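Here the sequence shown is numbered in numbering that gives the first Met the number 0, starting from 0 and rising by one per residue.
Glycine included, every Cβ here is placed at the ideal spot set by N, Cα and C.
Values in this document were obtained by computation on a predicted structure and should not be read as measured data.
Scroll down for the structure; my scribbles are underneath it.
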Amino acid sequence: MKKAKPVIAITVGDPCGIGPEITAKALNNTEIFNMCNPVVISDVDVMRQAVDIAKVNLKINSVDTLKDCKYQYGIIDVLNIKNVDVEQIEFGKVTKMGGEASFQYIVKGIQLALEGKVDAVTTGPIHKKAIN
Numbered sequence: 000m001k002k003a004k005p006v007i008a009i010t011v012g013d014p015c016g017i018g019p020e021i022t023a024k025a026l027n028n029t030e031i032f033n034m035c036n037p038v039v040i041s042d043v044d045v046m047r048q049a050v051d052i053a054k055v056n057l058k059i060n061s062v063d064t065l066k067d068c069k070y071q072y073g074i075i076d077v078l079n080i081k082n083v084d085v086e087q088i089e090f091g092k093v094t095k096m097g098g099e100a101s102f103q104y105i106v107k108g109i110q111l112a113l114e115g116k117v118d119a120v121t122t123g124p125i126h127k128k129a130i131n
């Protein structure tokens, strides 16, 4: 019997940093989907912006539950945590909004892991000063 691929929660880190763009570029690699079923934990608008910045040809699938994930190359499944106004993002700056958002993404990832809904959690870059 073939073992199911692990579900990996990817928290994008600080939306004001490089984490969302790195996530978009990483998920543009078919090998990721051969190894696991990734789900991104982020504000969906942050990931839409990251896809544009990274210049990758990927679609966004905004989900409220993991049951709606497609786990398919070419599509980024985003568990939408509606906590960022992309118009307020100050790239490269330490902000309260960025810190709070990145913390909420991590909390959601850990919650999913503790509930057994994901097999592992990985995080994008965060800034300790922004979280404090």
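Per DSSP, Lys116 is not a residue of any alpha helix (DSSP H), being assigned neither H nor E. Met46 counts as buried, since at least 16 other C-beta atoms from the protein chains shown sit within 10 angstroms of its C-beta.
DSSP places Asn28 outside any alpha helix (DSSP H), giving it a letter other than H or E. Counted as a single uninterrupted DSSP element, the beta strand (DSSP E) harbouring Ile40 occupies residues 36-41. The secondary-structure analysis by DSSP pairs Asn60 across a beta bridge with Asp76. Closest in alpha carbon position to Tyr72, among Cys35, Asn82, Ala49, is Cys35.
Rounded to whole angstroms, Ile21 and Ala53 show a C-alpha spacing of 8 Å. Residue Val93 holds the alpha-carbon nearest to the alpha-carbon of Lys128 among Thr121, Val93, Ala112.
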